[in-house]
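Take a look at the structure below.
Protein chains in written order, with this note's numbering: chain L, 1 to 250; chain H, 1001 to 1656.
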């Protein structure tokens, strides 16, 4: 069960910039039990890449294969195998976490007879039993984040895509998030994590792709990137890799 | 399509909506209170006027001497007549006077001499103006009728007209008729307004608000088809619309049944002429409007980027719905059957017809089919909008990579068609030559080029503005005579099914060959201008944009149909569509728009020459044979296998 991203590109248009490549010829792969990090500043093309993996956008060129299914040709097969999470995803205020989980489990074609036990398992795993039957409008930010985690994995997908999941979270929620990502890795899920937080990438990712202005500048394990750049810390590695472009910007 | 997914989505949406206490309260209050309040208000107003009418005595001051007036007024017990001399002495306050009638001194004599003396009637508009005015007008009418009959008697002529008219009886509505009319007018409009409002708010919540609070993204990543998502939301809205209608109907029946007899006596039996069972039967009549409004609301919600934008769209939407539902105010006998094809208006008419017992099954079936067809189109639009990257993430696809131009092409065609219908017809009536040129340049050419500019598509590539191979440029004029023959042949065959009226042919000939105009001007307006302008619009812009998504043959067929429809005549639809298809194929084969421009111009030019010179082509086998040979030669040049271009050739052609 792997994710293959092959030479994908996506071009947008706006009045100020004209046509511009949000993602330019990006390729990477992710194997089961691996956390693949997309590290780059805001506007680097991480979210666009993940949205293409999530079948929300279609690439102008190249293709994305998830377990052999193409995101453009077989989007529903891809969505069945994918869990998608970003910080700003909202919940249904008038429903309870349990109702939301049942709803998404049914939509994701999870076997009907196993839905109840699966939800119980998630409620225990994420420690949300106390709030499982309270409407979401009454939940705290941290609790909402946990419900979002549960929703993204309720159908037990083999691949997870996390789009800047730590944005706006407090320390406790971030800790819960990191534990959650580690648990996904332990469950042999294939995880793609987009982030601009260097420490998060260092801590969680098995391999890191440094992405800037839509292009991947370097890809490899932390050790490989250290060897390639001659720097030790990821922040230094990042700037060394994109120095040329940063100079242009300054 | 997965029914379990649709059911899951619909159930979740209903649960979600039912927990919104504010919305549920508004829905219940609106549905239960709105129409019964209107009904009670109407009953109260009728009651008030009935009581006022029976209790009120109109105080009339008659100035001047007229036995006719005096007799007429005194016959009516609800009128008190005073004369100026006694009026003040009986201590009437001046403001108690309702009407002042001033007649000339010799009024009766002038009338007997068949003259028309002037009478001044002044109403007190601050008091019971309508009642007083109606009473006086009735008396004056009777007086005039009496005077007329007296005059006719004098000449021994019977008054046939006045005998037939029966002023008093025919126009006077009974209480029952009055209340039935009120129900038939107001009930359809109320139901339509209730359905529109009841479905709009949850629709905005189901899509627009979901987008705004970022819960749409995870939903779109779930393994459910977009169409099923939309259908699930649609079913929820249909359930809400049906519930609102049921509540409105039931509450109306309840309020009518509970009206006290005293109110009914005065107001005239406000009895809704349906029993509870019939009431249940009227739901299918409401079905088209519920489906249509649910789908329209969803589409609008899918288009709105945020809740505020959705609310901004809602106002004109509700106004248009109410305006169309106003058709129910027009009696059915004054409406053509075609009105059943007009969405919303047809549903309003069906609801009215159901309550007035004028129900027309054919009309209802037409309404149902039209509404479902419209709803289906709306749903397709909603599904497209839901999947569209632009509306999902506020990004704009790069023009270079954009492939789907269906909506811009449809908009261009509709705008050009409407302009052609209104401006085009007026301009050709004013001046044929300049009119046609205005149509070709301002309605056909400029909007098409404007669209291309707005879409930021490359002009040359889209228009196939390439240097054409010489053999194509030779083939085009060679094919023209045969195409004229082909068009004539198709028209001849079409005449067996759809005969072209002579008047239409004459009008068409007069239009393209106006009197007192040199032939070269006609050729310029009817041949060359369409050859350039229509080709740029249809075979250039529309075909070029369609081919980015569809295969060449399918694109040519679509363009041909649009080209045929654009000529706005069912008699010319098939021949022009056939011509359009051949012109499209020529562009595809030659990879250039110039041969089709030549062929179009020659085709029109030859037709003009034949009509202008009154040539009897059908009686000249030589001309027919020559035309066929030329066309075959032209076809051979177009369709014969071409030599394989090297990549270098292709590049050079494109770069041009």
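Quick reminder that beta carbons are idealized off the backbone N, C-alpha and C, glycines included. Predicted model, so just to flag it, every value in this text is computed and none were measured.
{"Query": "For residue 1483 of chain H, the nearest candidate out of H:1586, H:1216, H:1373 and H:1590 (CA to CA)", "Result": "H:1586"}
{"Query": "Cβ-based neighbour list, residue 1396 of chain H, same chain, cut-off 8 Å, excluding 5 preceding and 5 following", "Result": "1390"}
{"Query": "Unbroken beta strand (DSSP E) run spanning residue 10 of chain L, endpoints", "Result": "3-14"}
{"Query": "Residues sharing a beta bridge with residue 218 of chain L, DSSP", "Result": "L:210"}
{"Query": "Residue nearest to residue 1184 of chain H in terms of C-alpha spacing, selected from H:1410, H:1332, H:1528 and H:1025", "Result": "H:1332"}
{"Query": "Delimiting residues of the beta strand (DSSP E) encompassing residue 1425 of chain H", "Result": "Run containing residue 1425 of chain H: none in the beta strand (DSSP E); it sits in the alpha helix (DSSP H), 1425-1430."}
{"Query": "Rounded separation between residue 1655 of chain H and residue 1523 of chain H - CA only", "Result": "Because residue 1655 of chain H carries a pLDDT of 40, less than 50, the predicted location of this residue cannot be relied on, and the following value inherits that uncertainty. The straight-line gap from Cα to Cα measures roughly 33 Å."}
{"Query": "Continuous alpha helix (DSSP H) stretch holding residue 202 of chain L: start and end", "Result": "198-204"}
{"Query": "For residue 187 of chain L, the three-state DSSP class (helix, strand or coil)", "Result": "coil"}
{"Query": "Proximity of residue 195 of chain L and residue 166 of chain L at Cβ, strictly below 8 Å", "Result": "yes"}
{"Query": "Residue-level contact to chain H via CB, residue 194 of chain L, 8 Å cutoff", "Result": "no"}
{"Query": "Residue 1458 of chain H vs residue 1416 of chain H beta-carbon contact at 8 Å", "Result": "no"}
{"Query": "Span of the beta strand (DSSP E) around residue 76 of chain L", "Result": "Counting along the chain, residue 76 of chain L falls outside any beta strand (DSSP E), though it belongs to the alpha helix (DSSP H) covering 75-80."}
{"Query": "Assigned secondary structure, residue 1165 of chain H (DSSP; H/G/I helix, E/B strand, else coil)", "Result": "Only weak support is given to the placement of residue 1165 of chain H: the predicted model assigns it a pLDDT of 40, under 50, and the value that follows is read from those uncertain coordinates. The answer is helix: DSSP assigns residue 1165 of chain H an H, G or I state."}
{"Query": "Against chain H: residues of the region 102-136 of chain L by CB proximity under 8 Å", "Result": "103, 104, 106, 107, 108, 109 and 135"}
{"Query": "Where the alpha helix (DSSP H) containing residue 50 of chain L begins and where it ends", "Result": "46-53"}
{"Query": "Residue span of the beta strand (DSSP E) that contains residue 22 of chain L, given as start and end", "Result": "18-30"}
{"Query": "Through-space distance from residue 204 of chain L to residue 237 of chain L, alpha-carbon basis", "Result": "17 Å"}
{"Query": "Contacts that residue 1352 of chain H makes with chain L (C-beta to C-beta distance below 9 Å)", "Result": "Those within 9 Å of residue 1352 of chain H in chain L number zero; the least Cβ separation is about 38 Å."}
{"Query": "Residue 1142 of chain H to residue 1026 of chain H span [Cα, whole Å]", "Result": "53 Å"}
{"Query": "Residue environment, residue 1620 of chain H, which counts as buried when at least 16 other CB atoms sit within 10 Å", "Result": "exposed"}
{"Query": "Secondary structure, beta strand (DSSP E): runs of 3+ residues fully inside the region 69-127 of chain L", "Result": "82-86"}
{"Query": "Bridge partners - residue 66 of chain L, DSSP secondary structure assignment", "Result": "L:3 and L:69"}
{"Query": "Between the CA atoms of residue 1149 of chain H and residue 1161 of chain H - distance to the nearest angstrom", "Result": "Caution is warranted here: a pLDDT of 47 is assigned to residue 1161 of chain H, below 50, making its placement in the model unreliable, and the coordinate value is therefore given only provisionally. About 11 Å."}
{"Query": "Residues bridged to residue 160 of chain L (per DSSP)", "Result": "L:83 and L:191"}
{"Query": "N- and C-terminal bounds of the beta strand (DSSP E) containing residue 1100 of chain H", "Result": "1099-1102"}
{"Query": "Proximity test, Cβ basis, 8 Å: residue 1548 of chain H and chain L", "Result": "no"}
{"Query": "Cβ distance (whole Å) where residue 1240 of chain H is taken to contact residue 1198 of chain H below 8 Å", "Result": "6 Å"}
{"Query": "Classification of residue 154 of chain L by the beta-carbon crowding that lies within 10 angstroms, buried from 16 upward", "Result": "buried"}
{"Query": "Nonlocal neighbours in the same chain, by C-beta distance under 7 Å from residue 1166 of chain H, ignoring five residues either side", "Result": "Summary for residue 1166 of chain H: the model assigns pLDDT 39, below 50, so the residue's position carries little reliability; its value from the coordinates is reported in the next sentence. Counting only Cβ-Cβ distances below 7 Å, and skipping sequence neighbours, we find nothing."}
{"Query": "Contact set for residue 1607 of chain H: own chain, Cβ-Cβ below 7 Å, skip 5 residues either direction", "Result": "1484"}
{"Query": "Own chain partners of residue 1190 of chain H with C-beta closer than 6 Å, once the 5 adjacent residues on each side are dropped", "Result": "1035"}
{"Query": "Neighbour list for residue 1392 of chain H in chain L, Cβ cutoff strictly below 7 Å", "Result": "56"}
{"Query": "Length of the line joining the Cα atoms of residue 1203 of chain H and residue 1387 of chain H", "Result": "17 Å"}
{"Query": "Opposing strand residues paired with residue 1123 of chain H [DSSP bridges]", "Result": "H:1099"}
{"Query": "Interface flag, residue 204 of chain L vs chain H, CB-CB below 8 Å", "Result": "no"}
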